[in-house]
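In my numbering, the protein residues as written are 4 to 255. Note that beta-carbon positions come from the ideal geometry of N, C-alpha and C, so glycine has one too.
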Ligand code: 13P
């Protein structure tokens, strides 16, 4: 399967720079053999989706409410994301779990809403540094998967150790391989055969320099990229590193 490289722009990008970034990503997209998605802030989603129409680059939201519509000031429904041209949505990012007190239960309801409205959910899980130091990283992520995914989940899972986000630190290759193997086992155990089809992304300080090594690890099906997705050259560099691995014969 091709790697999926998703860019989480977080709360970055006014209209002009967002459009320029999207166009630069689109320009390089046809030369890489990885699936690409960008997730801009909601305010520029429609504009970015318009400029990416007809290109291979997909567009996603960064969150949606679990309800179809109604009295949720400031929130965005899955149908609204779809209406803007999004076909993906990041759910349960650790920044939303921390800033907006999102629980596994809430994330699971959002996943349902997203799926019902034709969006592919990218559900984020990951341990804190304290949980890892206490040797509780696998247990933590196991519980997050059990709580955040409905039994009929058909989306993408992103493993993002919180201590690796925006810090320039990553787990060792052995640690990433261990967690992705554990996550695959949990997905199979919790979802049955469908658990085998879920792509598992790694996220947390992915850069062009470390992408090839991370993307080559077993059960790593792509990357969820924060900071490096704000520069087209870096985002495409990561995609090229991943794409080189998908080509038969390349990378050994
Ligand atoms: P960085 O790539 O900036 O570490 O962010 C990762 C992330 O949170 C993507 O969702």
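Here residue 36 really is in contact with residue 246; their C-beta atoms are around 4 Å apart, less than 8 Å. Taking the Cα of residue 81 as reference, the smallest distance to any Cα among 241, 102, 45, 240 is reached at 45. Counting only residues of its own chain and dropping the five nearest sequence neighbours on each side, residue 27 has a CB closer than 7 Å to the CB of 235. In terms of Cα proximity to residue 198, the closest of 244, 178, 167, 156 is 156.
Shortest gap from the CB of residue 206 to any heavy atom of ligand 1: under 6 Å.
Per the C-alpha coordinates, the member of 179, 208, 228, 21 positioned closest to residue 169 is 208. Taking every protein chain shown into account, the CB of residue 163 has 16 or more other CB atoms within 10 angstroms, so this residue is buried. The bridge partners DSSP lists for residue 202 are 159. In the DSSP assignment, no residue is bridged to residue 217. Rounded to whole angstroms, the separation of the alpha carbons of residue 230 and residue 158 is 23 Å. At a Cβ-Cβ threshold of 7 Å, residue 92 and residue 63 count as neighbours. Here the distance from the Cβ of residue 11 to the nearest heavy atom of ligand 1 is below 6 Å.
Counting the other Cβ atoms within 10 Å of the Cβ of residue 154 gives fewer than 16, which makes it exposed.
Listed in chain order, the alpha helix (DSSP H) runs fully inside the segment 48 to 127 are 48 to 55, 81 to 87, 97 to 102, 107 to 119, counting runs of at least 4 residues. For a cut-off of 8 Å, the C-beta gap from residue 25 to residue 54 is around 5 Å, short enough to register as a contact. DSSP places residue 168 outside both helix and strand once states are collapsed to three, so it counts as coil. A residue is called buried once 16 or more other Cβ atoms fall within 10 Å of its Cβ, and residue 174 is buried on that count. A Cβ-Cβ separation of about 19 Å leaves residue 220 out of contact with residue 125 under the 8 Å criterion.
DSSP places residue 225 in the strand class (E or B) of the three-state scheme.
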